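Structure first, then comments.
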Amino acid sequence: MVKKVFTSNRAVAEAVKLAKPQVVPVYPITPQTTISEYLAQFVADGDLKAEYIRVESEHSAISAALGASGAGVRVFSATSSQGLALMHEILFAAAGMRSPIVLVDANRALSAPLSIWNDQQDTISERDSGWLQIYAENAQEALDAVLIAYRVAEDRDVLLPCMVCIDGYFLTHTVEPLEVPTQEEVDRFLPSYNPYAFLDTENPMSIGTFTDPNYYMEARYAIEVAMEKSKEVLAKANKEFAEIFGREYDLVEKYRCDDAEIIIVAMGSVCGTIKDVIDSLREEGEKVGLLKIRVFRPFPREQIKEVLENGSKVAVIDKNISFGMGGVLYSNIKAKTNADVYGFIAGLGGRDITTEYVREIVEKTKNPSREIEWIGLKKEEV
Amino acid sequence: MEISEKEFLAPGHRACAGCGATIGVRLALKALGKNTVAVSATGCLEVITTPYPETAWDIPWIHVAFENAAAVASGVERALKSQGKDAQVVAFAGDGGTADIGLQALSGAMERGHNLIYICYDNEAYMNTGVQRSGATPYGASTTTSPHGKESFGEDKPKKNIPMIMAAHGVPYVATASISYPEDFIKKVQKAKDIDGPAYIHLHQPCTTGWGYDPSKTIELGRLAVETGSWILYEIEDGDFHVTYRPAERKVVDEYLLAQKRFKHLNEEERNRIQKNVDAICTEFKI
């Protein structure tokens, strides 16, 4: 273990180097680009022995990743926003073909209007693709999540792709102190890749076939079973991760929730700000807690239910919007708990979620006037 | 030429009787042999050969989507390379998957120089979805989206010239071929295999359903295309262009056009226009 000060993009690149993928097809897009650049340099310097494919689009990045995975190697790709949307079609194919690809998405708003800044609309919009989704709060979590992602995705009980979601700029371009594990530690946690089914001239197999109504539902059901099973696999991986690296993770993180009268639910980098506000509010005598959703797919509904159903009021912060319905995390939370839940749309297109806004959310949850509120909206500009 | 009797595409698949695409794949795989990994674009070939839980492929095969066969093949090729495996990667895509929706991925793969063979099986329309016009549909052909009618004689644009677009990428080996000239095609596949780098073969193949002719006439139609100069067999090796087959005496285009339902609506003037276009191209190629 070495202490470093890195951006999350650099942290991700270090994790990828340690995970040793053999094929890395990537296409540049802000704010993911520096991940591709670090990896290109690692390959150029011989520090990462991988075939680096400079594809002509994100669609081809994920297609080449899926082809390479089908040919039996560990792969990595990274993208953001429009790039992830361009990958959309193949994301579903990757899950359906049970390909344990790991992809990092630098969360960024979707056009239009064109924005390079952060929200989580891009990955949230891929929630039904069959990929696991882990959201990182900081650079350390981003690095660790990549290693955990490979471990879980490649587990024979899972065999599903996994997306690690890191907030654009707030994480991708912000330096933070973190611990970079050694290769020896990572090798203990993440064994070398042993593909389950692959293109082999000695044992020919057809992968990605055409399926009529007699078999399609079963294939989709198998994904659902694997997704549910991945909760146990994640728990086991988190436990071993803690033993080797000393950092503990769960599908959710509870922060000062035990006696909380109001629990904020959120994902990603904003959780850092929320924790600070909670500390201040606690000093002021307010019983507020945070339930951080670290793994959004599979949705940790048992843990969510258990934490939220203590008669508390719940404020869900969404950096996304399902138009006509409200935030997606809000809808998901509301579907899985009987608690009193309010939704707050905030931080779209890079709008800061300040400590004042978090306080406003707490106030509005105490005295609700509407089920869904937009926070930080400039009403005069609408 | 001795053509291997070994088959790597099993019978019993779901192709129409008289399918030209499967003849092309069988010939290509005879030339490539067992140590080959195939990639298919979505399309007739993929659908007819892999109705789960069956497969006609006796070599490893992968399909992902319509427009990305070249990108998937790029990933397969690099993954094999990274494992020190020397299997030949071959991608099969139709004319829609090549000339239209897959052109970007193909351009990228060819320009990056992957060691793979890309074979476009060109039946000149979207046959899998029911004969819609593609960029490779020839002038005058009636398709379900370029139908002839009171104010239309069918497709009003010439066929997109994909082999020349590939040649412009500096691909070391580019060839056109026809399933009706198996020796010429097999030789070209073998050359493509021997080359270290990308190779592109544009394989013309009649389609009984889309072109409208009796299934027993597939090979004959393919020959007529070449013998009339409507399809020219050539190769471009490291930029060096050769015509690989010259008909002893070029037949009139009408023989080819009138044998197919898709051209039956054309009047004499329209057919003469096509003859003139063919003459101009053949003069250029000294055919």
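Chains as they are written, first to last, in the numbering used here: chain C, 1 to 382; chain X, 1001 to 1287. Glycine included, each C-beta is placed from N, C-alpha and C at the ideal position. Predicted model only: the values in this text are computed from it and were never measured.
| Asked | Found |
| --- | --- |
| Using 8 Å for Cβ pairs, my map puts Thr1244(X) next to Leu1233(X). What's the rounded Cβ distance? | 5 Å |
| Going by other Cβ atoms of all chains shown within 10 Å of its Cβ, with 16 needed for buried, is Gly208(C) buried or exposed? | buried |
| Tell me the rounded alpha-carbon separation between Thr182(C) and Leu18(C). | 8 Å |
| What span of residues does the alpha helix (DSSP H) with Gly1108(X) cover, start to end? | 1103 to 1112 |
| Helix, strand or coil for Leu1221(X) per DSSP? | helix |
| Which partner residues of Lys366(C) appear in the DSSP bridge assignment? | Beta-bridge pairing links Lys366(C) to no other residue. |
| Can you name the residues of chain C whose CB is closer than 8 Å to the CB of Asp1058(X)? | Pro204 |
| Does the count of Cβ pairs from the segment 1057 to 1072 of chain X and the segment 56 to 68 of chain C closer than 8 Å reach three? | yes |
| For the pair the segment 369 to 377 of chain C and the segment 1081 to 1096 of chain X, tell me if three or more CB-CB distances fall below 8 Å. | no |
| Below 7 Å between beta carbons is the criterion; list the residues of the segment 188 to 217 of chain C that meet it against any residue of chain X, in chain order. | Leu199, Asp200, Thr201, Pro204, Met205, Ser206, Ile207, Gly208, Thr209, Phe210, Thr211, Asp212, Tyr215 |
| Which same chain residues, not among the five before or five after Leu110(C), have their C-beta less than 8 Å away from its C-beta? | Ser81, Gln82, Ala85, Gln121, Asp122, Ser125 |
| To the nearest angstrom, how far is the alpha carbon of Tyr231(C) from that of Glu253(C)? | What sits at residue 231(C) in the sequence shown is Lys, not Tyr. Using only the alpha carbons, I get a separation of about 15 Å. |
| Output the distance between the C-alpha atoms of Phe1008(X) and Arg1112(X), rounded to the nearest integer angstrom. | 29 Å |
| Using 9 Å as the threshold, is the C-beta distance between Ala1199(X) and Ser60(C) below it? | no |
| Helix, strand or coil for Met1(C)? Go by DSSP, reduced to three states. | coil |
| Using Cβ-Cβ distances below 9 Å, what residues of the segment 1097 to 1115 of chain X are close to chain B? | Absent here is chain B; the protein component of the structure consists of chains C and X. |
| If contact means a Cβ-Cβ distance below 7 Å, which residues of the segment 1125 to 1159 of chain X contact chain C? | none |
| Comparing C-alpha positions only, which one of Thr30(C), Ser63(C), Ile29(C), Glu14(C) sits nearest to Val43(C)? | Glu14(C) |
| So, helix, strand or coil for Pro1182(X), using DSSP? | helix |
| Anything in the segment 72 to 89 of chain C with a Cβ closer than 8 Å to a Cβ of chain X? List those residues in chain order, please. | Gly72, Val73, Val75, Glu89 |
| Please report the straight-line C-alpha distance between Glu356(C) and Cys271(C), rounded to a whole angstrom. | 14 Å |
| Can you tell me which of the three DSSP states Asp273(C) falls into? | The sequence as given places Thr at residue 273(C); Asp does not occur at that position. Thr273(C): helix per DSSP, three-state reduction. |
| Rounded to a whole number of angstroms, what is the C-alpha to C-alpha distance between Ile177(C) and Ala139(C)? | Strictly speaking, residue 177(C) in this sequence is Pro, with Ile absent from that position. Roughly 8 Å between the two C-alpha positions. |
| Using a 10 Å radius around the Cβ and a threshold of 16 neighbouring Cβ atoms, would you call Gln1260(X) buried or exposed? | buried |
| Whole-angstrom Cβ separation of Gly1154(X) and Thr1144(X), contact assumed at under 8 Å? | Contact flag wrong, Cβ pair sits at about 11 Å. |
| Is the Cβ of Ala1289(X) closer than 9 Å to any Cβ of chain C? | Beyond the ends of chain X as shown, which are 1001 and 1287, falls residue 1289(X); an answer cannot be given. |
| If we ignore side chains and look at the alpha-carbon of each, how far apart do Ile262(C) and Thr1042(X) end up? | 52 Å |
| Mind listing, in chain order, the continuous beta strand (DSSP E) runs of no fewer than 3 residues lying wholly within the segment 100 to 181 of chain C? | 102 to 107, 132 to 135, 162 to 167, 176 to 180 |
| Taking its Cβ as the centre, do 16 or more other Cβ atoms sit within 10 Å of Val26(C), making it buried, or is it exposed? | buried |
| Quick check on Leu290(C): does DSSP put it in helix, strand or coil? | strand |
| Does the distance from the CB of Leu251(C) to the CB of Ile293(C) come in under 9 Å? | yes |
| Less than 6 Å between C-beta atoms, sequence neighbours within five positions excluded: which residues of the same chain meet that for Gly268(C)? | Tyr135, Asp167 |
| Taking 9 Å as the CB-CB limit, is Met97(C) close to chain X? | yes |
| What first and last residue would you give for the beta strand (DSSP E) that runs through Leu1116(X)? | 1116 to 1122 |
| Expressed to the nearest angstrom, what Euclidean distance is found between the alpha-carbon atoms of Ser312(C) and Val12(C)? | 36 Å |
| Please report the Cβ distance between Arg1262(X) and Trp1211(X), rounded to the nearest whole angstrom; I am assuming they are in contact, meaning their Cβ atoms lie under 8 Å. | 5 Å |
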